[in-house]
Amino acid sequence: MPEDQRPDALPSVGESPGQFGFWELDLRDMALTLSDATRVVYGLAPGACRLGELLQHVHPDERQRVTDTMLATLHAGARLDVGYRIFRANSQERHVRMRAEPLRADHGSVRYLGTVQDVTEVVRREAEAGLKARLLQMASAVAHVGGWIYDREQDRVIWSDEVCRIHEVPPGTRPTAEEAIAYFAPESRDRLRRLVETCLREGTPYDEELRLITARGRSVWVRAIGEAVRSALGAVTGLQGAFQDINDKRKAEQETARIGALLSDTLESIGDAFYTLDREWRFTYLNREAERLFKRPRAQLLGEVLWDEFAALKGQIGYCEFHRALRENRSVVFEEYYAPHQALSEVRAYPTKDGLSVYFRDVTEARKTEESLRISEQRFRTIARATTDVVWDWNLEDDSLWTSDSIESVFGYTTVDFSGPIRAWSDHIHPDERERVVKHIKSAIEGGEEQWIDEYHFMRKDGSLALVLDRGYIIRDASGRALRMIGAMVDMTERRQAERRIEYLAYYDSLTQLPNRQLLMDRLQQAVDDSAQRRHANALFFIDLDNFKSLNDTLGHAVGDQMLKQVAQRLSGCVNHDDTIARFGGDEYVVLLQEMSTDMVEATTQARTVGERMLKSLRQPYKLDQNCHHSTASIGIVLFSGAGDDIGELLKRADMAMYEAKASGRNTLRFFNPGMQAALSARMALENDLRQAVRQCDAQFELHYQPQIDRHGLVTGVEALVRWRHPARGMISPAEFIPLAEETGLVLSLGQWVLKKACGQLLAWAANPATARIEIAVNVSARQFHHPQFAAQVLDVVAAAGIDARLLKLELTETSLLENLADTIAKMNVLRTHGVSFALDDFGTGYSSLAYLRQLPLDMLKIDRSFVLDLLTNQNDAAIARTMIALGRSLGLRVLAEGVETVAQRDFLFEHGCDAYQGYLCASALPADAAAAVVCKP
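Residue numbers (my numbering): 7 to 944.
Structure below.
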């Protein structure tokens, strides 16, 4: 580096900074000299110290390597540069870096001059540590000088013994001028020749440093001095001068320059700002970081006074501390915020004999990081206390573990139980999983992973096992070395049990523990796929319990559930373990038999045998609530081999066969046949037509009205009955399309149309005094009634029509009323508040408890036509009719009989207290105009 920029005021040996010390080793006697700073670095007490003693402070793991490196370096006389760990006297571990250069004295001895630097902070904070050094100044050895005389006339050079020694020739050697010049190296030879010629010609003296090659071939630097020798007349008759062996001096200068350049490069490369001041506070050296610190080029600052160039610093802490350092001759360390730089700096100033050496380290980000870390740590602890998960923090450097307080509530342990090494945690992992988990976490740490996650069983304090999900995030330094792991343990025991329960419920019926519809469909599809390849026949059984609904309604759902579970058990005993029995819904079961015979006739026989076994088992008495109950079942069977079969179609076929069994008297089985398919096709065609009709109700549907006659022969109301006039098929019976509308859900739209049409008719009849007080009864299906918005929809229609709601009567079946009784009563009360009345339709055909009738806000009971038809010839029907009438009157309800066709039937009913009737005796269901005519008929 340029002479004017070399630091000439660095700490001398024995006065170096605490992080940067110097040492000297003389290889002659292995005498080791340490500066005070070096002793501080190693934690050594004052006194003599041998190299072996110094090496004892090297970390045992690295001592052999460092010893071998140093011995090899000293033996080769090479440059030393080695880093290693040491233990101070107080067992504190530090990181140091040692550098040294060999220096050779005039007499050939070698000594090492070096530095040792504490780089612990560099390693820990991953930042370039400030290097504290001073420029080394080398002293040259005492010169060896010899004289010489040149006789121009004789062309001979007389050398002194010293000059001969320098040239390594025998004493008394007298070369010619050209022979003497020839000893010099090529680059010096021409230069010397010109100097000699000029001196001989003009008498100009010379003094040059030149390189010669001795007689033995050795390169030697010499100082060549020459001057003219004149005669009495002033003519130049010769030359005289001296040679000085400056080889050691030259080498020392070169070495000094090299070391100076090395130290200068080091100071230029460190991340700290470094500058030196003389005792007048003038800058004598600045490195590049110092230029950036002061925002001025060093060329402008060298030689200038610090306090003059930066007057604002006089009011800072540094002004007082710098003066104290020089005054007390002691180093100072402090932190200071310098506003112009908007930076917080850590300043270290070391006094020297020439002034002050100053290191500036920008610690703004470091302090921010420390504060952020402190806040983050505090936040981390707060969050850890707030969560129910067990939060943990594993320090990998000292193998210490911290856990949050929740470890007590989750696993029963205290934080003290896990405050030691990580072994405290791993010992509580289930033995069968311990090795795997430990290997997994070790692999994540050593493999450079960012996180580790595992699931294992952990032993609670009470000895029980918890299934835990453990996740840890690995914190690494810039080099990738793992420092900490922070994570959380979540007790997954209950959650996993719940997941398994949810998964079970997704595929199994909670009441019977049988596969549900979803699992059945999966297995049925698999059976279709498998049998398509193997060509084995399979059988699908659709089982429906006969009259189960009546049992459920009369005895209650709890009793019904008992029976459903017993049915599941009986079916399980009728088939093999590999066969599938599923509860399809309600009182319906489906059984799938797989891999039957490849011959369809034989497979049919096998299926019939199993089906009859099921029928026999299911008709055995059931013990329900200590009572004996008899029941039967109807079974539909379809065989399939998998070739192009659709599982939905298979279920439909089995369902059709089951309905055929019911139609055949129940307690039997039927196989699907193509005739059923034809019926299914007809049904599907009817369904499609019905959907089209519902989309245009006014075009295909009509509302007819059947008059209702009281005891005085007056028409008091009519029942609205929907009729379907198909454009191609003509009038279709309600017995065909009403059940289909119920099943498909089309009854909602159709029922809404009927309600609007009936209310519109009430409005039309209101204009005629003869029909103005006629009530219209509208049948409401169970599906329609239990729609969440049913009551609101009725009131909206009534309001839109502008009619008297008291003229609207809604007819409901027992089944629809007793489904969710509380909701039923609530809806009825809402509508009754607005004047709408209710009739219980087809009374006597249901199986509900009559006790419920007292809770329902009814206005009328309607006796079903099945009890009216034979009441004059069948004593049971007559008794039932009388009982119903008496029951209605006792509840304060009007009673109306349906299906009255003869005067005798009417008279019997009126005689026993019936209030009204409807039937062919008066009129069938008529169009609105015809019905009005009946009303107006005198």
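Idealized CB from N, CA, C, for every residue including glycine.
Determine the closest residue to residue i out of the options, with distance taken between C-alpha atoms.
i, options, result
"Y48", "F26, A37, L31 and L33", "F26"
"T615", "M76, C580, D433 and F424", "C580"
"D865", "N882, A783 and R199", "A783"
"F300", "W287, F316 and T290", "F316"
"G83", "S485, L109 and R103", "L109"
"H840", "K815, V724, D468 and R672", "K815"
"G114", "P52, L33 and T79", "L33"
"E342", "L899, A318, R900 and K359", "A318"
"L50", "A609, I92, G736 and L526", "I92"
"G152", "K359, A248 and L656", "A248"
"A691", "D704, L746, G58 and L57", "L746"
"L645", "K622, N633, Q632 and R659", "R659"
"G478", "E461, Q626, A472 and E904", "E461"
"A54", "W29, Y926 and V64", "W29"
"F916", "P933, A934, L897 and M890", "M890"
"R523", "Q531, Q532, Y513 and L517", "Y513"
"R672", "C634, V700, E618 and T722", "E618"
"Q575", "R529, R540 and P521", "P521"
Using the Cα positions of residue i and residue j, report the straight-line distance between them to the nearest angstrom.
i, j, result
"S647", "E456", "55 Å"
"S537", "V596", "19 Å"
"A788", "D395", "51 Å"
"K257", "R94", "38 Å"
"R304", "A191", "40 Å"
"D802", "E725", "21 Å"
"V874", "A887", "7 Å"
"A669", "N553", "13 Å"
"R71", "K445", "31 Å"
"T611", "L598", "15 Å"
"E295", "R367", "9 Å"
"D314", "E297", "16 Å"
"E749", "V397", "57 Å"
"F743", "M662", "17 Å"
"R336", "L283", "15 Å"
"S822", "V842", "17 Å"
"A139", "F289", "With a pLDDT of 30 at A139, under the threshold of 50, the predicted position of this residue should be treated as unreliable, and no value is reported."
"P17", "L31", "The pLDDT assigned to P17 is 38, lower than 50, so where the model puts this residue is not dependable; a value taken from the coordinates is nonetheless given after this. C-alpha separation (whole angstroms): 19 Å."
"I413", "G493", "13 Å"
"E352", "V364", "11 Å"
"E185", "V235", "20 Å"
Let's test the definition: count the other Cβ atoms within 10 Å of the Cβ of residue i and tell me whether it reaches 16, buried, or not, exposed.
i, result
"G681", "exposed"
"Q250", "buried"
"R354", "buried"
"P944", "exposed"
"E132", "At E132, the pLDDT of 47 sits below 50, so the modelled position is not reliable and the matter cannot be decided from this model."
"M76", "buried"
"S237", "exposed"
"Q600", "buried"
"I508", "exposed"
"E820", "buried"
"C326", "exposed"
My assumption, with CB atoms under 8 Å, is that residue i sits in contact with residue j. Please give the rounded CB distance.
i, j, result
"G240", "R158", "Contact doesn't hold; Cβ gap of about 14 Å is too wide."
"D716", "D567", "No, D716 and D567 are not in contact; Cβ-Cβ is about 46 Å, not under 8 Å."
"R285", "L332", "7 Å"
"D651", "V760", "At roughly 41 Å, the Cβ-Cβ gap does not stay under 8 Å, so D651 and V760 are not in contact."
"K833", "F849", "Not quite, the Cβ-Cβ distance comes to about 20 Å (not below 8 Å), so this is no contact."
"G89", "R103", "4 Å"
"L407", "W431", "6 Å"
"E708", "P933", "7 Å"
"W154", "Q246", "7 Å"
Which one or two residues does DSSP pair with residue i in a beta bridge?
i, result
"A783", "E725 and K815"
"W154", "W165 and G247"
"C634", "K629"
"L350", "Y343"
"L216", "V228"
"A279", "F366"
"W730", "F707 and I738"
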